[in-house]
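K.L.:
In the order they appear, the protein sequences are chains Y and V. Last residue of the first sequence: 333 (full-length UniProt numbering), numbering continuous. Last residue of the second sequence: 333 (full-length UniProt numbering), numbering continuous.
Number of protein chains: 2
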Amino acid sequence: MTKPIILTGDRTTGPLHFGHYAGSLRSRLAFQDSHEQFLLLADMQALTDNAHNVGKVRSSVIEVALDYLAVGIDPERTSICLQSQLPALAELSMLYLNLVTVARLERNPTIKDEIRARGFGRDIPAGFLCYPVAQAADITAFRATIVPVGEDQAPLIEQTNEIVRRVNALAGRTLLQEAEAIIPRAGRLPGVDGRAKMSKSAGNAIPLSASPDDISAAVRAMFTDPDHLRVADPGKVEGNVVFTYLDAFDDDHDAVAELKARYRRGGLGDTTVKRRLEEILQALIAPIRTRRAELANDRDHVTDVIRRGTLKAREITERTKRDVMEGLGLFQL
Amino acid sequence: MTKPIILTGDRTTGPLHFGHYAGSLRSRLAFQDSHEQFLLLADMQALTDNAHNVGKVRSSVIEVALDYLAVGIDPERTSICLQSQLPALAELSMLYLNLVTVARLERNPTIKDEIRARGFGRDIPAGFLCYPVAQAADITAFRATIVPVGEDQAPLIEQTNEIVRRVNALAGRTLLQEAEAIIPRAGRLPGVDGRAKMSKSAGNAIPLSASPDDISAAVRAMFTDPDHLRVADPGKVEGNVVFTYLDAFDDDHDAVAELKARYRRGGLGDTTVKRRLEEILQALIAPIRTRRAELANDRDHVTDVIRRGTLKAREITERTKRDVMEGLGLFQL
Numbered sequence: 001m002t003k004p005i006i007l008t009g010d011r012t013t014g015p016l017h018f019g020h021y022a023g024s025l026r027s028r029l030a031f032q033d034s035h036e037q038f039l040l041l042a043d044m045q046a047l048t049d050n051a052h053n054v055g056k057v058r059s060s061v062i063e064v065a066l067d068y069l070a071v072g073i074d075p076e077r078t079s080i081c082l083q084s085q086l087p088a089l090a091e092l093s094m095l096y097l098n099l100v101t102v103a104r105l106e107r108n109p110t111i112k113d114e115i116r117a118r119g120f121g122r123d124i125p126a127g128f129l130c131y132p133v134a135q136a137a138d139i140t141a142f143r144a145t146i147v148p149v150g151e152d153q154a155p156l157i158e159q160t161n162e163i164v165r166r167v168n169a170l171a172g173r174t175l176l177q178e179a180e181a182i183i184p185r186a187g188r189l190p191g192v193d194g195r196a197k198m199s200k201s202a203g204n205a206i207p208l209s210a211s212p213d214d215i216s217a218a219v220r221a222m223f224t225d226p227d228h229l230r231v232a233d234p235g236k237v238e239g240n241v242v243f244t245y246l247d248a249f250d251d252d253h254d255a256v257a258e259l260k261a262r263y264r265r266g267g268l269g270d271t272t273v274k275r276r277l278e279e280i281l282q283a284l285i286a287p288i289r290t291r292r293a294e295l296a297n298d299r300d301h302v303t304d305v306i307r308r309g310t311l312k313a314r315e316i317t318e319r320t321k322r323d324v325m326e327g328l329g330l331f332q333l
Numbered sequence: 001m002t003k004p005i006i007l008t009g010d011r012t013t014g015p016l017h018f019g020h021y022a023g024s025l026r027s028r029l030a031f032q033d034s035h036e037q038f039l040l041l042a043d044m045q046a047l048t049d050n051a052h053n054v055g056k057v058r059s060s061v062i063e064v065a066l067d068y069l070a071v072g073i074d075p076e077r078t079s080i081c082l083q084s085q086l087p088a089l090a091e092l093s094m095l096y097l098n099l100v101t102v103a104r105l106e107r108n109p110t111i112k113d114e115i116r117a118r119g120f121g122r123d124i125p126a127g128f129l130c131y132p133v134a135q136a137a138d139i140t141a142f143r144a145t146i147v148p149v150g151e152d153q154a155p156l157i158e159q160t161n162e163i164v165r166r167v168n169a170l171a172g173r174t175l176l177q178e179a180e181a182i183i184p185r186a187g188r189l190p191g192v193d194g195r196a197k198m199s200k201s202a203g204n205a206i207p208l209s210a211s212p213d214d215i216s217a218a219v220r221a222m223f224t225d226p227d228h229l230r231v232a233d234p235g236k237v238e239g240n241v242v243f244t245y246l247d248a249f250d251d252d253h254d255a256v257a258e259l260k261a262r263y264r265r266g267g268l269g270d271t272t273v274k275r276r277l278e279e280i281l282q283a284l285i286a287p288i289r290t291r292r293a294e295l296a297n298d299r300d301h302v303t304d305v306i307r308r309g310t311l312k313a314r315e316i317t318e319r320t321k322r323d324v325m326e327g328l329g330l331f332q333l
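1. If distances are taken between C-alpha atoms only, which option among Asp33/Y, Ala296/Y, Val273/Y and Ala313/Y comes closest to residue 334/Y?
2. Let me know if Lys3/Y comes out buried or exposed under the rule of 16 or more other beta-carbons within 10 Å of its beta-carbon.
3. On a CA-only basis, which of Asp43/Y, Asp300/Y, Glu326/Y and Leu189/Y is nearest Gln85/Y? Give me that one, please.
4. Indicate whether at least one CB of chain V lies closer than 7 angstroms to the CB of Ala126/Y.
5. Which of helix, strand or coil does DSSP assign to Leu229/V?
6. Does any CB atom of chain V fall closer than 7 angstroms to the CB of Cys130/Y?
7. So, Glu278/Y versus Val231/Y, is the Cβ gap smaller than 7 angstroms?
8. 7 angstroms is my cut-off, CB to CB: does Gln135/V come that close to chain Y?
9. Is the Cβ-Cβ distance between Gly235/V and His228/V less than 7 angstroms?
10. How close, in whole Å, do the beta carbons of Cys81/Y and Leu41/Y come, if the pair is a contact with beta carbons under 8 angstroms?
11. Below 6 angstroms CB to CB, which residues in the same chain sit around residue 334/Y once its five sequence neighbours on both sides are set aside?
12. At 8 angstroms on the CB atoms, spell out the chain Y contacts of Asn161/V, in chain order.
13. With DSSP as the reference, label Asp10/Y as helix, strand or coil.
14. How close, in whole Å, do the beta carbons of Leu189/Y and Gly23/Y come, if the pair is a contact with beta carbons under 8 angstroms?
15. Could you tell me whether the Cβ of Val231/V comes closer than 7 angstroms to any Cβ of chain B?
16. So what does DSSP say about Ala137/Y, is it helix, strand or coil?
17. Can you tell me the Cβ-Cβ gap for Ser209/Y and Pro15/Y, rounded? I've got them flagged as a contact below 8 angstroms.
18. At a Cβ threshold of 7 angstroms, is Gln45/V touching chain Y?
19. Between Phe331/V and Val61/Y, is the Cβ-Cβ spacing less than 7 angstroms?
20. When you compare the stretch 132-145 of chain Y with the stretch 117-125 of chain V, are there three or more beta-carbon pairs, one atom per stretch, that lie closer than 8 angstroms?
21. What whole-angstrom Cβ distance do Ala134/Y and Ile157/Y have, given they're in contact under 8 angstroms?
22. Any beta carbon of chain V sitting closer than 7 angstroms to that of Ala117/Y?
23. At the level of alpha carbons, what is the spacing between Ala205/Y and Ala221/Y?
24. In whole angstroms, give me the CA-to-CA distance for Arg292/V and Lys56/V.
25. Mind checking who His17/V pairs with in its DSSP beta bridge?
26. Residues of the stretch 292-325 of chain V with a CB closer than 8 angstroms to any CB of chain Y: list them in chain order, please.
27. Quick one: which chain V residues come within Cβ less than 7 angstroms of Arg58/Y?
28. Taking C-alpha atoms, which residue in Thr8/Y, Gly327/Y and Leu333/Y lies nearest to Gly172/Y?
29. Answer yes or no: does any C-beta atom of chain V fall closer than 7 angstroms to that of Met198/Y?
30. Step through the CB atoms of chain Y and report whether any lies within less than 7 angstroms of the CB of Arg122/V.
31. For chain V, is any of its Cβ atoms less than 7 angstroms away from the one on Val164/Y?
32. Report the neighbours of Glu91/V on chain Y: residues whose CB is nearer than 7 angstroms to its CB, in chain order.
33. Does the stretch 63-78 of chain Y touch the stretch 309-327 of chain V, meaning 3 or more C-beta pairs lie closer than 8 angstroms?
34. Hey, which unbroken runs of the beta strand (DSSP E) at 3 residues or more fall wholly within the stretch 57-103 of chain Y?
35. Would you identify the three-state DSSP class for Glu180/V, choosing helix, strand or coil?
36. Using beta-carbon positions only, say whether Ala126/Y and Leu259/V come within less than 7 angstroms of one another.
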């Protein structure tokens, strides 16, 4: 029995943070035994809106790989691979671009939102408009059937499966399998300021490499219930970042439920709840930080991990490319 | 002294015709000694508007290569190579797509014309919109500094050079050279029906594999001066396809000048002029047809020629890709 293949990864635009941990890294640890897992260091995708900042994209390759290894990704069970070193991904992208219209790309809701968010207008880089096609190339090249995505990214899997069906129809047989999006149960972790999305650029993220003081400061400044002025007052749990984080990271669910009830009734101060959260976050991050610091001193090892993962990825992606090109009927030498 | 590199080629969408011979094949014969010449069998570019017809694109690979060899392209001096078997072209394309905006691609006059001509509207395949970027990848990957193009294609070289300048600016040094477009003196050969462009799909082309009867029939049906009803009448030479073809293929320029003068004065019938043109075309095509038929019986040889040319092309294009990726500062394993 071969295990199902799962492809996931991160754009290499900076080190990862608690949002990644809650949203994706934890579930990747769980997938290591049940699935054949590939983690893609997506430097080519990072360039679609960072072409002016290749230095950041390059240095983040090691940073993200360090985050993976530090949280417990095991390179013997999960292949960590570098997108720009996998030619088949570009070749399949160029092929698939002929199977998708410009109008279809412009209709993609994820792309529409991101164009708006980045203020690109018509000055959107062509690579950015086309990245759903590149993502379809990634997913199909790895023959991944399971793709964990954020809830706003489901349309990207739809686009992938449209291309899969088009390729199969042109070939007259099933060359590629459709992929299934799985949306992590945890959902998205809000920023410490209460905004919906934690992101480094918004300055509301706690990086996985945060020092104990960074964590204390972040929890102290964390958004709670602005109307909860006195300890004795009833407080709101919904939209209260401290409780959202407790839900995400405190394994003692009964204790959290009890705290929520007390907070709602009144008589529980923010300081007490924050103290509990801080303890949990400090305990969570301490071994990750130690491990990360050790690994950061052995960059050759990290590079070697990426090299071995990339070689393994090259095998499977080259084979898929050959299958697709032959299957569609291109001239073979 | 290394020779300057020239890149040219054809989309593999059907066998070549007299228009290609007059417009490009003849000059490629002349370049064989003075330049390092690569002829690209552009099957990936052919797919940008032929994804539904891969069979035609595949079979045309051999047809076009046969045409090259039949007219006298010498694989010892010119490398004939297959685009879909050169991964570096796709990799550079994906990289360059991040350096060009969608608005810029849509402004490209060649693309605008072709979108109109093909009636694509918004349903243009993304690969078609992006093909100027793929062409920039081709040109730069081969480090070609000379690119023969049709007169309507000069904007494509402009796009290439914009990308070259952007890459060099990002790298902070000259990674790539700008290319120079050369527009063949001969200009474009009209169709036998007098329409501006000879094309197989318009049914107004004489293929290089035409039989003697095909040539006779084509010349007989050729558009002349519709107002030149009697031999004694003065006739028009401008827009008269027979004279355009004589200009293109008759090496005895004095004799052609003399015929034109007589035709203009009156007293020279279409039949006489057509007889001369037919003789010239039959003499031109006879050895090409014989050679083509011989080669067509040895497809293994033709495939081997493409294989060797592609291997040589792979060396130079892989090296360029590495130079560009390293030069821009991508992470190297």
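Where is the CB? At the ideal position from N, CA and C, for every residue including glycine. In this text, all values refer to a predicted model and were calculated from it rather than measured experimentally.
P.N.:
According to the structure data:
1. There is no way to answer for residue 334/Y, as the model of chain Y reaches only from 1 to 333.
2. exposed
3. Asp43/Y
4. yes
5. coil
6. yes
7. no
8. no
9. yes
10. 7 angstroms
11. Since the first and last residues shown for chain Y are 1 and 333, residue 334/Y lies out of range.
12. Chain Y residues near Asn161/V: none, gap ~17 angstroms exceeds 8 angstroms.
13. strand
14. 6 angstroms
15. Absent from the structure is chain B; the protein chains it does hold are Y and V.
16. helix
17. 6 angstroms
18. no
19. yes
20. no
21. That belief does not hold up - the Cβ atoms of Ala134/Y and Ile157/Y are roughly 14 angstroms apart, past 8 angstroms.
22. no
23. 12 angstroms
24. 19 angstroms
25. Pro207/V
26. Thr303, Ile306, Arg307, Thr310 and Met325
27. Gly329, Leu330 and Phe331
28. Gly327/Y
29. no
30. yes
31. no
32. Pro87 and Ala90
33. no
34. 78-82
35. strand
36. no
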